[in-house]
Every structure is written in C-alpha cells, then in structure tokens.
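Residue numbers are given in our numbering: position 221 of the sequence shown equals residue 701, and the series is strictly consecutive.
We put the beta carbon where it would ideally sit given N, CA and C, even for glycine.
Quantities reported herein were computed from a predicted structural model and do not represent experimental measurements.
First the structure, in the form of structure tokens, and then the observations on it.
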Amino acid sequence: MPAASIDPLGRPTSPSDPVVNSSAAGQGPDEAAAPVAEPRGDAAPAGKGPGVPTGLRQPLDAAALRPLAARLGCRLAVVAEIDSTNAELARIARGIGGVTGLGAPALAGGGDAQPPGDAQPPGDVVLVAEWQTAGRGRLDRSWESLAGAGLMVSLLVRPTVTARWLGWLPLVVGTSLVRTLRSYAGVAAMLKWPNDVQVAGAKLAGILVELVPGPASPPAAVIGFGLNVTALADELPPRSTSLLLLEVDPARLDRQELLGALLTDLVAAVRRWETSPEQARGEYREVCSTLGRPVRVELPDGTSVRGIASDVDEFGRLVVDGRAFSAADVIHLR
C-alpha cells in the first residue's frame, strides 16, 4: 500500500487524491509545478552551474554528518541517487527496503548503528539524496532537482500525538523551516497556507508529509522537504527562488551546515509538538502570509470561494469568511 499524504484533519489521502495538505511541489493551478530546479535537457546530475561560487555544489559528506546524527539521536544516510527519499523511507517503515540495499554509504548515526530491519520498527531515520529520479510532490506531481543545487531530505518519525493532532505535522514542519531560514540564512521567509515556503511570493522550499500504513504503533510518518540553495534563475521554474538568488551570505550556502541547522530545529520542533501540540497553532499564525489577505479557495469539485483568510482553526484548516477549508488550493489575490 502506498504512503498516504496528510490533510489538515489528519486524514490519509491517496497519492492521486487532489486533496493534499502538504507539498514538495505544493503549487496551486497558477503556480510553478516544482519546488526545486529541474535539469534542462541532458544536464548531468552533478556539476557547478555558471555564476555559482566555487565549491557550493560539492557533494555532501556523509562521514562529516555523523556527529549531527549522533546529536539528534537518529540514523542518517546520504545517497548519490534514489527514486524518492520519501518512498525509500516509507519502504523502510514497512520493513521492505533499506538504504544499504541501494549501495548507499553506511548509515551515519552512532558508529555501530545497523540499518533498519524487520525485527524492530526503526526510530528516526534521515535520508538525503543528491539526485532523485522519481521525486513526488503535491497532487502526485513528479519533480527532479539539479544535484548539488538544493537539499532533498526525508525524515522518518513515529509521532506520539493523538489522531486529532496528526494534521498539524505538515504545518509544524513548515513553521520549523521558516524559523531556520530566517535565523540562519537571514531571509524573510513566510508560509503560504498550508506550508509552501516563500519569500516575497516566490517559492523557496516545499514540503510533503505522508503517513505510512502498517501494524506498528505509533504509526510512521515521512517528512520530506526540498529547498533551493544555489539554483540559478534559468534552472528554476517560474515564481521560484533560491538562497543564492536572494543574495544570502555565501558562508550560509554551505549545504552541509545548512542541513545541520534545518534538521536540528526540525527534530526539536517535532518533539516539542509531541509534548505540547496545542502550541503549534500560535507559532504557525506568526509565519503564515495567507492570514489577513484576500484569497481564492479552489475546491476539489471545481468550484471556488473568494474571501478574506482570517485564521487557522484548531485542526489547521484555513478560515475564510467564517468557513473552514481543509481540502483546497489557495491562491493569494492582489
């Protein structure tokens, strides 16, 4: 059974279901179809593009990430190529896959750490890929990214919250990414409901959170995100941006250090949410650019509603003129 995306009420949706609350592509009908750079033509999966400062597209060093994995209490691997980091962690959660079976480097966490197997459900596992051949985003859109120009990361967790709070996980992830991008990279990142990471309306990162059906308790969730780091304008879809294009200090564009900052906050945010899930709503409100502005809500049945987005309710649904929406694409109106 494929992994199921999470809508704002915590209900699983099939990959083909147009009602999805989290996105690695994450675009509405008039937005770009991918969050990170798509290779042009026969572009090689690695290499430095013109205009990119020397050294900023070097491969990630799995061995150097070992202290990070130990500090976070997780197992971490970096692979040069994979179909989808989310799909691989879903396979691991179901006990039918594993990064070592793909010829990846040894897992980076804890020295003698063993790859997840069938005997025990794995704990937190992080998988980072330089190149994805079948990456997926919102509405089951396919997407690929230029190796070395971004970060493609998935984290396997087993949330201990009750079912009513599961729908908040994609929003918690988005809030965490915004917080790190503001503090570490110094960019004015915001969230377009539910969790598109944008700067001045241009997409910087996208998120896909999926529940993994299975007998284990608590159930597994795979958190995936893609971030544009050094992608150039001609390597990006329309209405997208990157940290390089935002003129972030080159010292902050080192993907190794950036990954550490993002994962450190994300793991802490998930654990804080598990302990005090009710706090997520207030934190999300502070970074959501959708609130207080006119929007068009496009519903799965083809109809749309216009109004002012005033709030998110206790389930993470967007409130527009007194109505709460969970299953919708939202377009910001000028």
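In this structure, Asp541 and Gln736 form a Cβ contact; the two beta carbons are roughly 6 Å apart against a cut-off of 8 Å. CA-to-CA, the gap between Pro674 and Ser656 works out to about 13 Å. Scanning its chain for C-beta atoms nearer than 6 Å, with the 5 sequence neighbours on each side dropped, one finds around Leu742 the residues Thr660, in chain order. Counting only runs that start and end inside the segment 647-693, the beta strand (DSSP E) elements of at least 3 residues fall at 670-672, 676-679 and 682-692. Collapsing the DSSP output to three states places Leu746 in a helix. For Val810, the enclosing beta strand (DSSP E) starts and ends at Asp809 to His812. In the displayed model, Gln759 falls within a helix according to three-state DSSP. Cβ atoms of Gly647 and Phe795 come within 8 Å of each other, at about 6 Å. In the structure shown, Arg732 adopts helical secondary structure according to DSSP, grouped into three states.
Counting other Cβ atoms within 10 Å of its Cβ, Pro539 stays below 16 and is therefore classed as exposed.
Rounded to the nearest whole angstrom, the CA to CA distance from Gly577 to Cys768 is 36 Å. DSSP links Glu561 through a beta bridge to no other residue. Relative to the Cα of Asp793, the nearest Cα in the group Ser720, Val558 and Gly762 belongs to Gly762.
Looking at Leu635, Gly802, Lys672 and Arg537, the one whose alpha-carbon comes closest to that of Val747 is Leu635. By the CB criterion at 8 Å, Thr534 and Gly704 fall outside the cutoff. Assignment of Val792 by DSSP, reduced to helix, strand and coil, places it in the strand class. Arg638 is a Cβ neighbour of Pro698, given a cutoff of 8 Å.
The segment 775-785 makes no contact with the segment 664-672: fewer than 3 CB pairs, one atom from each, lie closer than 8 Å. Looking at the backbone, the Cα of Pro718 and that of Leu712 are separated by about 12 Å. For a cut-off of 8 Å, the C-beta gap from Arg574 to Val702 is around 11 Å, too long to register as a contact.
As a beta-bridge residue in DSSP terms, Gly706 pairs with Met632 and Gly686. Taking all protein chains in view, the Cβ of Glu766 is surrounded by fewer than 16 other Cβ atoms within 10 Å, so the residue is classified as exposed.
In this structure, Leu688 keeps its C-beta atom at 8 Å or more from the C-beta atom of Val606. Between Glu561 and Ala609, the beta carbon gap of about 7 Å places them in contact (Cβ cut-off 8 Å).
The DSSP-derived three-state label of Glu727 is coil. With fewer than 16 neighbouring CB atoms inside 10 Å of its own CB, Arg814 falls in the exposed class.
Cβ contact annotation for Ile788 (same chain, cutoff 8 Å, sequence separation greater than five): Gly772, Arg773, Pro774, Val775, Val800 and Asp801, in chain order. Close CB contacts of Leu707 within its chain, under the 6 Å cut and outside five residues either way in sequence, are with Gly630, Leu631 and Ala685 (chain order). Within the DSSP secondary-structure output, Leu607 pairs in a beta bridge with Ala557 and Ser634.
Within the same chain, Cβ atoms closer than 7 Å to the Cβ of Leu726 are found at Val667 and Val679, the five residues on either side in sequence being excluded. Contact between Ala760 and Val633 does not hold, since their C-beta atoms are separated by about 21 Å, which reaches or exceeds 8 Å.
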